[in-house]
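Residue numbers (my numbering): 1286 to 1604. Glycine residues also receive a C-beta, built at the ideal position from the N, C-alpha and C atoms. Here is the structure we will look at, set down as structure tokens.
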Ligand SMILES: Nc1ncnc2c1ncn2[C@@H]1O[C@H](COP(=O)(O)OP(=O)(O)OP(=O)(O)O)[C@@H](O)[C@H]1O
Ligand SMILES: [Mg+2]
């Protein structure tokens, strides 16, 4: 996809808060979907909400969009309290999993939809629509109808439509999950390039770990209505804050054992040393523990275990 328009000025992800979510809670009658969400999203960054089905990702996104009302808590966008504003008075573009284009409108009219009531002249609208279609790699599709495009192409149009008004925030709810595997991987890269080129602060919901790890500046790992960890892909992969994150983000081998003091622990008949563990965080002697190892990690140790028969055997933990 060619995306070289000089009209889109890239900005680097910085440290200016674009969105501040404070103490957000959501109850659906007796069910609590979000417990207490505190989160700052920085300008220009791409943030992924990652977690299993039902953990509250879409609910949080819909609350940010004003499509759902939070039970408690506030949301500030660039310092302005938007907690009680209706969707039309908030500054965002949104793309859903299903393409949600108007089937009876041409691609150009779909992209122009948000612009027509903004006192923009026809010529300006036409120019902007063409810029956006160029941006998403569909420069000649303006006169077609949605049914004449593939799923991936329709999602590119949905992206163009979401960006038409130059929103301060782009919200994406599983935008790739209806696509086939090849198209999904292709569009991952395209969305990321486009997001960086336009410099728009973006929140993308996904339950696909690989998608989040490959696209996000930071990942918000959620489970049962709470945030388990916020960090860079490397942080959540290499330094998971909780056993849930270790298990959910990437593959992991978990060794259950008993602490022997220092960095040593015992798994079955093997005595192991965990080189990566900080001495200061060593568990107390005899305490049950588990050690999470990524398949790509080096073995835990090369020490010798002393089994009951007294003969030394080399104890090696599979990566
Ligand atoms: N309108 C509603 N009424 C009652 N319960 C709801 C409503 N919307 C969502 N929920 C519940 O809130 C929880 C969180 O839902 P949500 O759609 O946010 O999950 P999700 O993380 O986006 O999951 P998925 O990956 O399946 O899309 C779920 O248990 C869901 O059943
Ligand atoms: Mg969802």
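Alpha-carbon spacing of residue i relative to residue j, whole angstroms
i            : j            : result
residue 1362 : residue 1546 : 49 angstroms
residue 1552 : residue 1571 : 12 angstroms
residue 1439 : residue 1431 : 6 angstroms
residue 1385 : residue 1443 : 8 angstroms
residue 1317 : residue 1406 : 47 angstroms
residue 1462 : residue 1382 : 6 angstroms
residue 1519 : residue 1502 : 10 angstroms
residue 1378 : residue 1388 : 19 angstroms
residue 1339 : residue 1308 : 20 angstroms
residue 1302 : residue 1326 : 6 angstroms
residue 1359 : residue 1368 : 5 angstroms
residue 1528 : residue 1554 : 24 angstroms
residue 1294 : residue 1479 : Low confidence applies to residue 1294: its pLDDT is 38, below 50, so where it sits in the model is not reliable, and the reading given next is rough at best. Distance between the alpha carbons of residue 1294 and residue 1479: 11 angstroms.
residue 1487 : residue 1428 : 29 angstroms
residue 1476 : residue 1499 : 11 angstroms
residue 1354 : residue 1510 : 16 angstroms
residue 1437 : residue 1424 : 15 angstroms
residue 1558 : residue 1465 : 44 angstroms
Buried versus exposed, by CB contacts within 10 Å (16 or more), residue i
i            : result
residue 1364 : exposed
residue 1474 : exposed
residue 1311 : buried
residue 1494 : buried
residue 1543 : exposed
residue 1315 : exposed
residue 1412 : exposed
residue 1304 : buried
residue 1426 : buried
residue 1414 : buried
residue 1409 : exposed
residue 1599 : Caution applies to residue 1599, whose pLDDT of 44 falls short of 50 and renders its modelled position unreliable; the value that the coordinates give is listed next. Counting Cβ neighbours within 10 Å, residue 1599 comes out exposed, since fewer than 16 surround it.
residue 1514 : buried
Helix, strand or coil at residue i according to DSSP, with G and I counted as helix
i            : result
residue 1466 : helix
residue 1611 : In the structure as shown, the chain begins at 1286 and stops at 1604. Residue 1611 is therefore absent and cannot be evaluated.
residue 1488 : strand
residue 1523 : helix
residue 1474 : helix
residue 1402 : coil
residue 1348 : helix
residue 1394 : helix
residue 1495 : helix
residue 1572 : coil
residue 1437 : helix
residue 1283 : Outside the shown range of the chain (1286 to 1604) lies residue 1283, about which nothing can therefore be said.
residue 1256 : With the chain covering 1286 to 1604 only, the question about residue 1256 has no answer from this structure.
residue 1421 : coil
residue 1432 : helix
residue 1371 : coil
residue 1330 : coil
residue 1408 : helix
residue 1442 : helix
residue 1531 : helix
residue 1449 : coil
C-beta atoms of residue i and residue j nearer than 7 angstroms
i            : j            : result
residue 1399 : residue 1450 : yes
residue 1335 : residue 1491 : yes
residue 1457 : residue 1489 : yes
residue 1521 : residue 1534 : yes
residue 1319 : residue 1343 : no
residue 1376 : residue 1329 : no
residue 1447 : residue 1380 : yes
residue 1441 : residue 1421 : yes
residue 1306 : residue 1324 : yes
residue 1497 : residue 1333 : yes
Identified DSSP bridge partners for residue i
i            : result
residue 1384 : According to DSSP, residue 1384 bridges with nothing at all.
residue 1506 : 1335 and 1514
residue 1340 : The partner list for residue 1340 (beta bridge, DSSP) is empty, contrary to what the question assumes.
residue 1325 : 1305
residue 1312 : 1317
residue 1378 : 1455
Check: residue i C-beta below 6 angstroms from any heavy atom of ligand 4
i            : result
residue 1343 : No copy of ligand 4 occurs in the structure displayed; its ligands are ligand 1 and ligand 2 alone.
Residue-chain proximity (residue i, chain B), Cβ-Cβ < 7 angstroms
i            : result
residue 1503 : Annotation note: the requested chain B is absent from the structure, which comprises a single protein chain.
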